[in-house]
Amino acid sequence: MSDIATRLEAELPGRVLRDPAARAAHSRDTWMLNELRDLEGQPPTPPLAVVEPESTAEVAAVLRACRKSGTPVVTYGGGSGVCGGVETAGREIVLSTRRMSGLVELQPDDLSARFRAGTLGIEAERQVQEAGLTIGHWPQSIELASVGGLVATRSAGQYSTGYGNVEDVVLALEAVLPDGAVLRTRPTPRAAAGPDLRQLLLGSEGILGVVTEVAFSLRPLPEASRGQALHFPGFAEGLEAIRRIVRAGWRPPVVRLYDAPESARHFAEHVPAERHALLLLHEGPKPAVEVERSAVAELARACGGAETDPALVDQWLETRNKVPGFRGFLEKGIVVDTIEVAATWGRIGRIYERAVAALRALPDVLSASAHSSHSYRSGTNLYFTFAARPEDRAAMAASYRACWAAVMQAVDAEGGGIAHHHGIGRVRRDFLADELGEAGVALLRALKRALDPDDLLNPGVLLPDA
Ligand SMILES: Cc1cc2nc3c(=O)[nH]c(=O)nc-3n(C[C@H](O)[C@H](O)[C@H](O)COP(=O)(O)OP(=O)(O)OC[C@H]3O[C@@H](n4cnc5c(N)ncnc54)[C@H](O)[C@@H]3O)c2cc1C
């Protein structure tokens with residue numbers, strides 16, 4: 001056993017896991033390339049040990065001990081990240097937040113609830129729903145992801161168009177910095193006390209500290225909820241309808257536009273071939289829901305939308321958290337992944353055309369499609385899905401990288417944002433300078449050096465190699 005694992009075991013008895021199964025289970029997240037490496041019999045080398053602290057003080061003790069011994073620390077929440085944010089190389093301690101779970105405080109009058117970082121998203125939502133409230137943050141991985149992980153990756157939920165993304169519902173945070181100091185932001189509705197330090201942790205992917213508590217700003221459960229569905233002759237017409245809907249001030253929580261291939265894949269029963277489906281869910285006080293529903297329908301019809309059976313929305317609601325794993329595809333020699341990006345309205349149409357064309361031009365690509373699922377006054381996101389099967393199975397990883405590069409280059413060329421909500425991890429870090437510029441990357445590097453001079457927190461993630 002390594003020295004650091006022995007020391008942690010002495011300092012935190014019962015919290016250190018050293019058995020091979022536990023170490024292997026914490027050696028990676030759900031990134032497709034790591035799944036492929038597993039299949040090829042080349043999984044990441046497990047960490048030295050997994051430590052499961054039970055309190056903020058214990059997290060601080062782990063970070064201080066690891067800093068003293070020069071040992072890297074990889075924070076592990078639910079392991080549902082899809083960008084390679086968790087990947088070990090045999091020399092780290094993995095700090096799992098699993099035992100730091102549960103509600104700390106609920107203040108219904110303030111519409112706020114504070115959770116320990118390892119609480120799963122679904123558990124946090126259940127607890128506040130018991131009080132008639134909701135966080136309103138519904139990532140597809142809500143049953144897998146921890147609230148600390150949602151913060152660390154700047155997650156987006158399926159209801160984001162109405163309720164915002166994780167950064168809009170985080171009221172306050174507690175985090176342990178790399179030197180063991182504890183940062184607590186105050187749960188005030190707004191502050192002008194210098195830069196917002198919550199933003200340092202939102203999207204920090206475990207490189208600047210360990211999030212230990214998350215306080216959410218809540219909302220009452222809606223009185224009414226009603227879906228509607230339409231379809232459009234073109235993806236551009238559907239995007240234009242969404243632009244006009246949000247511009248007019250309507251905010252259906254769910255607004256999802258699928259291009260024709262995805263509409264055919266998911267909703268063939270209710271959407272004619274070559275049409276592009278738009279699913280909407282309206283929530284709030286009953287009269288407001290009805291008013292929004294008819295105003296939105298009118299705007300959509302003006303852009304060529306034709307109404308179809310709202311049962312489509314119920315179908316989506318029932319299946320929205322089910323995703324086939326990568327494994328079945330990989331075993332057939334097919335690499336599959338999704339890539340989410342964002343852009344202003346003026347650019348998003350060109351990004352769709354350019355990225356899909358770039359993917360389809362690659363020799364191995366079997367399918368390339370997209371949908372938009374998170375909209376804003378000034379723009380929207382696109383969520384591309386691709387499948388590729390190289391002739392030579394040994395070329396699967398290269399084929400996968402080529403698909404990613406094609407989309408990243410198309411987005412960069414059209415001035416879009418390279419990541420809407422999955423983060424950077426390892427899969428995007430070499431494209432980060434496209435978005436932030438050299439000065440932006442240098443600033444992030446300087447911040448990292450100031451907080452973590454020995455580069456011990458999650459090295460290799462987010463920042464490109466120097
Ligand atoms: C089927 C599926 C569907 C998904 N759907 C969505 C979706 O709808 N929206 C969305 O945004 N994402 C989605 N994701 C991606 C993933 O669930 C999110 O990135 C999620 O936020 C990761 O949380 P986690 O707790 O699993 O983090 P992990 O995978 O454990 O870690 C992710 C990163 O955050 C760091 N980290 C974790 N916890 C902490 C902490 N407490 N403090 C500091 N750093 C930490 C890790 O070091 C790592 O870099 C999906 C993933 C899957 C597999």
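Each residue of the sequence shown is one higher than the one before, counting from 1 in my numbering.
Built from N, CA and C at the ideal position, the CB exists for glycine as well.
Just so you know, these numbers come straight off a predicted model, no measurement behind them.
The alpha-carbon separation between Gln129 and Ile122 amounts to approximately 10 angstroms. By the Cβ-count criterion, Pro252 is buried, with 16 or more other Cβ atoms from all chains shown falling within 10 Å of its own Cβ. Distance between Gly102 and Val411, taken at the CA atoms: about 40 angstroms. When the alpha-carbon of Thr75 is set against those of Leu443, Gly425, Val441, Ala355, the nearest one is in Gly425. Judged by DSSP secondary structure, Tyr159 falls outside any beta strand (DSSP E); it is assigned neither H nor E. Note that the region 208 to 221 does not touch the region 78 to 90; fewer than 3 beta-carbon pairs, one per stretch, sit closer than 8 angstroms. The beta carbon of Ser367 is closer than 6 angstroms to those of Ala387 in its chain, skipping five residues each way along the sequence. With a threshold of 7 angstroms, the Cβ atom of Leu279 does not count as near ligand 1, since no heavy atom of the ligand is closer than that. Counting along the chain, no beta strand (DSSP E) covers Val271, and no H or E run does either. Runs of the alpha helix (DSSP H) lying entirely within the region 187 to 271 and spanning at least 4 residues, in chain order: 198 to 201, 235 to 247, 260 to 267. Distance from the CA atom of Ala433 to the CA atom of Glu414, rounded to whole angstroms, is 15 angstroms. At a cut-off of 7 angstroms, the beta-carbon of Ser375 does not count as near ligand 1: no heavy atom of the ligand is closer than that. Ligand 1 approaches Val211 closely enough that one of its heavy atoms is under 7 angstroms from the residue's Cβ. A distance of 8 angstroms or more separates the beta carbons of Ala124 and Pro108. The count of Cβ pairs closer than 8 angstroms, one atom from the region 325 to 342 and one from the region 24 to 34, reaches three, so the stretches are in contact.
In the three-state reduction of the DSSP assignment, Ser112 falls in the strand class. At least one heavy atom of ligand 1 is found less than 7 angstroms from the C-beta of Gln140. By a beta-carbon distance limit of 8 angstroms, His422 does not contact Tyr258. Their separation comes to about 19 angstroms. Between Leu463 and Pro72 a beta carbon distance of about 14 angstroms is seen, past the 8 angstroms cut, so the two are scored as non-contacting. Cβ-Cβ distances below 6 angstroms link Ala224 to Lys286, Val289 in the same chain, with the five nearest sequence neighbours on each side left out; the list follows chain order. Runs of the beta strand (DSSP E) lying entirely within the region 287 to 325 and spanning at least 3 residues, in chain order: 306 to 308. Distance from the Cα of Glu262 is smallest, within the candidate group Phe384, Leu221, Leu12, for Phe384. For Thr344 and Ala419, the gap between their C-alpha atoms comes out near 13 angstroms.
Annotation: the continuous beta strand (DSSP E) that includes Val170 extends over 170 to 176.
The Cβ atoms of Glu205 and Ala152 sit closer than 8 angstroms to each other. In the DSSP assignment, Asn381 falls within the beta strand (DSSP E) that extends over 379 to 388. Within the model, the alpha-carbon separation for Leu183 versus Leu177 is close to 7 angstroms.
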